[in-house]
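For the sequence shown, my numbering assigns the number 35 to the initial residue and increments by one for each residue that follows. Backbone N, C-alpha and C define an ideal beta-carbon position, used for all residues, glycine too. Here the structure is a predicted model, which means the values were calculated and not measured. Here's the structure, in structure tokens; my notes come after.
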Amino acid sequence: AERAGARALIGVVAIEDDRAGVDENARGGAGQAAIMVEAGSVDLVILSQALHHAADPAAALAGAAKLLKPHGQLLLLDLLAHKFDKARELYGDRWLGFAESDLHRWLEAAGFRKIEISVVAREEQPPHFQTILASGEKG
């Protein structure tokens, strides 16, 4: 029996960029998802440790916004700006994390409101990466 107020899960779309067999032109975080998912059809977009691989992070966030229904939610987990340059070679990172101010500006430009950004984890071992959680609602 369904609880009062609970909605049935209609569908889940998961997109993973495993770096194998992905056309470089299609890569870019939410930009790739836009090819597979109808615009304005999603309640929630989660970008987990993906934005620092995007060619254009601001465009990837704008692409995520296009996927969302009005008042849809974005959750973003990524790295706070750091100086561990070897991440480019070791992990294929295009960006060495992000300043909270840049993320806030890009999210606003993409049409998000009720934006919240905070550091949610800090590694104890070098290179001491810090993970940030950002959220916003499509306006």
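Residue i, enclosing beta strand (DSSP E) - first and last residue
| i | result |
| --- | --- |
| E171 | 164-172 |
| A155 | 146-156 |
Cβ-based neighbour list, residue i, same chain, cut-off 6 angstroms, excluding 5 preceding and 5 following
| i | result |
| --- | --- |
| G74 | K103 |
| E150 | S169 |
| D119 | none |
| V154 | T165, L167 |
| L109 | I80, S169 |
| A92 | W140 |
Neighbour-count burial assignment, residue i, 16 or more Cβ in a 10 Å radius
| i | result |
| --- | --- |
| A88 | buried |
| A84 | buried |
| P160 | exposed |
| E158 | exposed |
| H86 | buried |
The alpha helix (DSSP H) enclosing residue i, as first and last residue numbers
| i | result |
| --- | --- |
| L137 | 134-143 |
| L130 | Taken as a continuous stretch (DSSP letters only), L130 belongs to no alpha helix (DSSP H), as it is neither H nor E. |
| L124 | 120-125 |
Own chain residues within Cβ distance below 8 angstroms of residue i, not counting five before or after
| i | result |
| --- | --- |
| Q107 | D77, L78, V79, S169, G170, E171, K172 |
| Y125 | none |
Beta-carbon proximity list for residue i, same chain, < 7 angstroms, skipping 5 on both sides
| i | result |
| --- | --- |
| R156 | H162, Q164 |
| K117 | L130 |
| A121 | D127, L130 |
| V71 | V47, L101 |
Segment contact, 8 angstroms Cβ cut-off, at least three pairs: the region 123-142 with the region 161-168: yes
Three or more C-beta pairs below 8 angstroms linking the region 87-105 and the region 140-160: Short answer: they touch.
Ranges of the beta strand (DSSP E) found wholly within the region 70-109, counting only runs of at least 3: 76-82
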